[in-house]
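Engineer:
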Amino acid sequence: MTGTVIRQLDDSTAHEFDSLPDPLGVRAAHPLTRHRPDWQRVALRDGRIVARAAWWGGPDDTEPLCVDRLDMAEGETEAAAELLRSAPWQVDIDFSLPPGWREDPDLRTAVEARFTAARAAGYELLVERFTYRWTPGCGLSERPGRLVFGAEPDDAVFFDALRRIHSATLDAHALKAVEEGGVDKAAQEELDFFRWCPSPRE
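What follows is the structure in structure tokens.
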């Protein structure tokens, strides 16, 4: 048995990324997500892929923003950890987990293997978020008229509102930014994110 070999993919080898199973159903849950081949890496042993990771960013980003895929064969958490440790990008990890993963033994094992690999690579769990999906069948609640929506051309107005929000926030990412650099840092990070989003200012 040979040691682990880490390889970055390219256009000619991108198809190799799909050689491992997808126990969490990430591909099915996010069918429109596309990864750049050069932001995908695999770990091989004896010529067989035993772990894979994919980094994600916006279409105009020159560096990825987060890791959003991490898969491994059974017992290959160290290979997955080495993928993360040796990567040229040290960014956040964003795992999209299926509902009820704690109650399903197979899913729980798969998720905990990812957590183990991430911790071995030096990551710590920051927050668990829940995703809720509105569908037309849910209907719309009554609007009491407390809020008025309108366009605002001045970033300073947004910055002031974000400072006030983050001075009393419970959001884990904002609290981390406040701890590192104060309320202004948290507000600026949020404003920068708004500017990064592709949707129109309106």
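Residue numbers (our numbering): 801 to 1002. The C-beta atom is built at its ideal place from N, Cα and C for all residues, glycine as well.
(1) Indicate whether the contact test is met: 3 or more Cβ pairs, each with one atom in the region 810 to 824 and one in the region 839 to 849, closer than 8 Å.
(2) Could you check whether the region 898 to 905 touches the region 866 to 877, counting it as contact only if at least three pairs of C-beta atoms, one from each stretch, sit closer than 8 Å?
(3) Grab me the residues of residue 952's own chain with a C-beta within less than 7 Å of its C-beta, minus the 5 sequence neighbours each way, in chain order.
(4) I need the DSSP call for residue 925, collapsed to helix, strand or coil.
(5) For the beta strand (DSSP E) containing residue 1004, list its first residue and its last residue.
(6) In three-state DSSP terms, what is residue 954?
(7) Determine the contact status of residue 925 and residue 823, defining contact as a CB-CB distance below 8 Å.
(8) What are the residues that DSSP puts in a beta bridge with residue 841?
(9) Buried or exposed for residue 826, going by 16 or more other Cβ atoms inside 10 Å?
(10) Between the Cα of residue 930 and the Cα atoms of 999, 971 and 988, which residue gives the shortest distance?
(11) Quick check: what's the CA-CA separation for residue 885 versus residue 850?
(12) Could you tell me the boundaries of the alpha helix (DSSP H) in which residue 911 lies?
(13) Pairs of beta-carbons, one from the region 910 to 929 and one from the region 874 to 892, closer than 8 Å: are there three or more?
(14) Kindly indicate which three-state DSSP category residue 997 falls into: helix, strand or coil?
(15) Among the residues of its own chain, which have a CB less than 8 Å from the CB of residue 838, if the five just before and after it don't count?
(16) Can you look up residue 897 in the DSSP assignment and give me helix, strand or coil?
(17) In or out: residue 828 buried (at least 16 other Cβ within 10 Å) or exposed?
(18) Pull the bridge partners of residue 871 from the DSSP assignment, please.
(19) What's the C-alpha gap between residue 873 and residue 848?
(20) Looking at C-alpha atoms only, which residue of 889, 853, 883 and 882 is the closest neighbour of residue 862?
(21) Compare the beta carbon distance of residue 881 and residue 921 with 8 Å and say whether it is the shorter of the two.
Structural biologist: Answer, in terms of the structure:
(1) yes
(2) no
(3) 958
(4) The answer is coil: DSSP assigns residue 925 none of H, G, I, E or B.
(5) Lying before the first or after the last residue shown, residue 1004 is absent from the chain, which here runs from 801 to 1002.
(6) coil
(7) no
(8) 808 and 853
(9) buried
(10) 971
(11) A straight-line Cα-Cα distance of about 16 Å links residue 885 and residue 850.
(12) Run containing residue 911: 905 to 920, per the alpha helix (DSSP H) assignment.
(13) yes
(14) coil
(15) 808, 809 and 810
(16) coil
(17) exposed
(18) Bridge partners of residue 871: 852.
(19) 10 Å
(20) 889
(21) Taking C-beta atoms as the reference points, residue 881 and residue 921 count as a pair closer than 8 Å.
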